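Engineer: Residue numbers (this note's numbering), protein chains in the order written: chain A, 112 to 225; chain B, 2 to 114. Heads up, the beta-carbon is just placed ideally off N, CA and C, and yes, glycines get one too. None of these values were measured; they are calculated from a predicted model.
Printed below as a string of structure tokens:
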């Protein structure tokens with residue numbers, strides 16, 4: 112069974128902490144995405160990557176950075192966590208240029224910043 | 002700008018009843034439309050995908066319809082079960098967007114016994 116695995120289901124961090132959210136896929140997908148999901152706002156794209164060491168900003172990249180050192184792993188980094196980054200974070204992946212087949216999503220990480 | 006709007010935002014129905022969720026989009030040129038089910042605290046899981054030429058597609062008790070002329074889709078759930086309680090997200094793909102999808106805000110469905 113193909114999978115996108117996010118390392119944590121729930122995280123609680125303090126304001127100002129550096130936070131790492133990890134995502135691993137086993138489908139040999141080129142594309143990987145990080146979204147955040149908030150009530151009433153739907154899914155918003157933070158960053159995506161279409162190849163190792165490549166990254167592109169999404170709609171709301173401020174306050175975030177990403178790292179893609181290996182094809183299967185895409186990390187989202189909150190350089191200095193703030194309370195407005197409390198959210199559900201979803202990782203997704205797909206084959207390059209294959210949006211027609213949709214994305215495979217991870218189970219999500221619910222991050223609370225206190 | 003491409004947009005996908007879903008209605009209603011939330012819905013409560015009794016177990017065994019039917020319901021219909023709506024999705025309107027402005028994505029152009031249209032490639033395909035997908036309905037996802039997202040259980041609380043989980044990532045979205047695909048239910049159906051529809052291309053331009055498809056009007057109706059079923060997956061068990063879920064039936065999706067697409068009217069590409071009016072840019073509307075619906076998801077009909079028949080004989081609802083408690084396990085249908087979830088958010089349902091409409092997602093549209095743009096032919097020119099390559100890898101990007103446009104997400105609707107979702108409809109939160111609660112099925113009560």
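Is the segment 71-78 of chain B touching the segment 19-29 of chain B in the sense that three or more CB pairs, one from each, lie closer than 8 Å?
Structural biologist: yes
Engineer: Could you tell me whether any Cβ in chain B is nearer than 9 Å to the Cβ of residue 132 of chain A?
Structural biologist: The residue labelled residue 132 of chain A in the question sits at position 21 within the first chain. Under the Cβ criterion of 9 Å, residue 132 of chain A is not counted among the residues facing chain B.
Engineer: As a quick exercise: from A/204, A/154, A/145, pick the residue whose alpha carbon is nearest that of residue 175 of chain A.
Structural biologist: Along the first chain, one-based indexing puts residue 175 of chain A at 64. Minimum Cα distance to residue 175 of chain A is reached at A/145.
Engineer: Please classify residue 160 of chain A as buried or exposed, where buried requires at least 16 neighbouring CB atoms within 10 angstroms.
Structural biologist: On the first chain, residue 160 of chain A is found 49 positions in, with the first residue counted as 1. Answer is buried; the Cβ neighbour count reaches 16.
Engineer: For residue 121 of chain A, count neighbouring C-beta atoms within 10 Å of its own C-beta (all shown protein chains included) and say buried if the count is 16 or more, exposed if not.
Structural biologist: Here residue 121 of chain A corresponds to residue number 10 of the first chain, with the count starting at 1. Burial call: exposed.
Engineer: When you compare each of B/37, B/42, B/54, B/64 to residue 106 of chain B by their alpha carbons, which one comes out closest?
Structural biologist: As a working note, residue 106 of chain B is residue 105 in the second chain. When the alpha-carbon of residue 106 of chain B is set against those of B/37, B/42, B/54, B/64, the nearest one is in B/37.
Engineer: Roughly how many angstroms separate the alpha carbons of residue 183 of chain A and residue 137 of chain A, rounded to a whole number?
Structural biologist: Counting from 1 along the first chain, the entry for residue 183 of chain A is found at position 72. Counting from 1 along the first chain, the entry for residue 137 of chain A is found at position 26. Whole-angstrom Cα-Cα distance: 6 Å.
Engineer: For residue 129 of chain A, I'd like the list of residues in its chain whose CB is within less than 8 Å of its CB, leaving aside the five on either flank, ordered along the chain.
Structural biologist: Here residue 129 of chain A is taken as the residue at index 18 of the first chain, counted from 1. So the qualifying residues of the chain are 188, 189, 190, 191, 192.
Engineer: Report the residue from A/142, A/131, A/164, A/134 whose alpha carbon sits nearest the alpha carbon of residue 65 of chain A.
Structural biologist: It is not possible to answer for residue 65 of chain A, since the shown part of chain A is limited to 112 through 225.
Engineer: Where do the ends of the beta strand (DSSP E) carrying residue 90 of chain B lie?
Structural biologist: As a first step, residue 90 of chain B must be located in the second chain, where it is residue number 89. Segment 87-95, the beta strand (DSSP E) holding residue 90 of chain B.
Engineer: How many angstroms separate the CA atom of residue 41 of chain B from the CA atom of residue 87 of chain B?
Structural biologist: Looking up residue 41 of chain B in the second chain gives position 40. Looking up residue 87 of chain B in the second chain gives position 86. Approximately 6 Å between the Cα atoms of the pair.
Engineer: Residue 45 of chain B versus chain A: which residues are under 7 Å apart at the beta carbon?
Structural biologist: Position 44 of the second chain, counted from the start, is the residue given in the question as residue 45 of chain B. The contacting residues are 216.
Engineer: Does the beta-carbon distance from residue 117 of chain A to residue 214 of chain A come in below 9 Å?
Structural biologist: Here residue 117 of chain A refers to the residue found at position 6 of the first chain. Here residue 214 of chain A refers to the residue found at position 103 of the first chain. No, the pair does not count as a contact, with Cβ atoms beyond the cut-off.
Engineer: From the DSSP output, read off the bridge partner residues of residue 33 of chain B.
Structural biologist: Counting from 1 along the second chain, the entry for residue 33 of chain B is found at position 32. Answer is B/52, B/94, bridged to residue 33 of chain B.
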